[in-house]
Amino acid sequence: MHSNALIPAAILALSTTILAQDPGQSAPFQLKLKADGCPTYDGVYLYACHEGAAIEGLCTGNTTAEVEAWNTFGLNYTTSGVPIDPKVGQQGILTWVLEYATGNLSSAMSLYADPATNVGIPLFEPSYGSTPVSFDEDNVMNIPSYLDDTVEPPAARETTIGLRRWYVCQNYYSGYSYVKSLSWVYGEGEPQNPSCERVDVVRVFL
Ligand SMILES: *[C@@H]1O[C@H](CO)[C@@H](O)[C@H](O)[C@H]1NC(C)=O
Ligand SMILES: *[C@@H]1O[C@H](CO)[C@@H](O)[C@H](O)[C@H]1NC(C)=O
Ligand SMILES: *[C@@H]1O[C@H](CO)[C@@H](O)[C@H](O)[C@H]1NC(C)=O
1 MHSNALIPAA
11 ILALSTTILA
21 QDPGQSAPFQ
31 LKLKADGCPT
41 YDGVYLYACH
51 EGAAIEGLCT
61 GNTTAEVEAW
71 NTFGLNYTTS
81 GVPIDPKVGQ
91 QGILTWVLEY
101 ATGNLSSAMS
111 LYADPATNVG
121 IPLFEPSYGS
131 TPVSFDEDNV
141 MNIPSYLDDT
151 VEPPAARETT
161 IGLRRWYVCQ
171 NYYSGYSYVK
181 SLSWVYGEGE
191 PQNPSCERVD
201 VVRVFL
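FYI, our numbering numbers position 17 of the sequence shown as 17, with every residue one higher than the one before it.
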């Protein structure tokens with residue numbers, strides 16, 4: 001027999017998530033890099049840049065950015081009514097609206113993984129999956145996770161933690177390789193791509 005006390009908090013949180021789906025939307029914001037060790041990217045705004053048909057990555061722009069469709073993002077909450085750890089923040093999907101000739105299409109950010117590398121690429125792609133993100137009390141973006149597979153057997157952490165494994169890298173994706181774009185490094189190791197520089201991503205409300 002199980003008692004609730006034996007069920008890891010993360011699993012309880014997950015089931016609460018499923019029960020409490022009541023999506024709301026954040027106010028619109030821009031995304032700005034903080035890179036203490038890298039002046040090239042410190043203070044630079046991200047913008048949605050073309051990486052295929054209706055596929056956008058997050059490229060590095062300038063240290064000033066007029067509010068434009070290509071640098072305005074939103075967060076559609078996927079959880080509500082669950083206790084929020086301010087060090088992680090409320091979970092949601094990062095959205096960006098593609099404006100095209102006859103309409104507007106809201107796309108969700110999902111991480112693209114290529115088995116050849118530990119560097120993943122956040123991409124906005126309509127009708128695709130989504131990778132949940134959160135913004136902590138300092139508006140710094142993380143990916144919430146409760147998995148710990150560095151122990152044997154792999155386990156769920158007591159509480160969800162906010163992972164910050166953001167980098168800017170020059171990636172090769174479907175023929176596009178000229179851009180420096182926001183990237184994610186899987187696991188605790190260093191990126192194998194030598195162009196990667198460590199950054200944090202900060203939300204700046206309009
Ligand atoms: C960066 O600034 C240059 C020069 O003002 C401008 O041409 C370019 O469009 C800007 N890039 C972005 C992504 O805003
Ligand atoms: C798309 O969104 C923009 C900005 O909110 C708006 O000005 C425009 O009218 C919208 N276009 C359509 C076709 O709904
Ligand atoms: C985000 O929420 C808005 C408002 O509910 C909705 O119109 C839009 O389609 C959502 N975007 C995604 C990618 O789910």
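Virtual Cβ for every residue (Gly too), placed ideally from N, Cα, C.
Note that the structure is predicted; figures quoted are calculated from it, not measured.
Straight across, the Cα-Cα distance linking residue 165 with residue 180 is about 16 Å. Assignment of residue 48 by DSSP, reduced to helix, strand and coil, places it in the strand class.
Under the 10 Å beta carbon count, residue 190 is surrounded by fewer than 16 other beta carbons and is classified as exposed.
Residue 122 has its alpha-carbon roughly 22 Å from the corresponding atom of residue 36.
Bounds of the beta strand (DSSP E) holding residue 112 are 103-112.
Residue state for residue 35 is assigned as coil, using DSSP reduced to three classes. A straight line joining the alpha-carbon of residue 125 with that of residue 59 spans about 15 Å. The Cβ atoms of residue 197 and residue 38 sit closer than 8 Å to each other.
Look at which beta carbons fall closer than 6 Å to any heavy atom of ligand 2; those residues are 99, 103 and 104. Residue environment: residue 44 is assigned as buried (16 or more neighbouring CB atoms within 10 Å of its CB, all protein chains considered).
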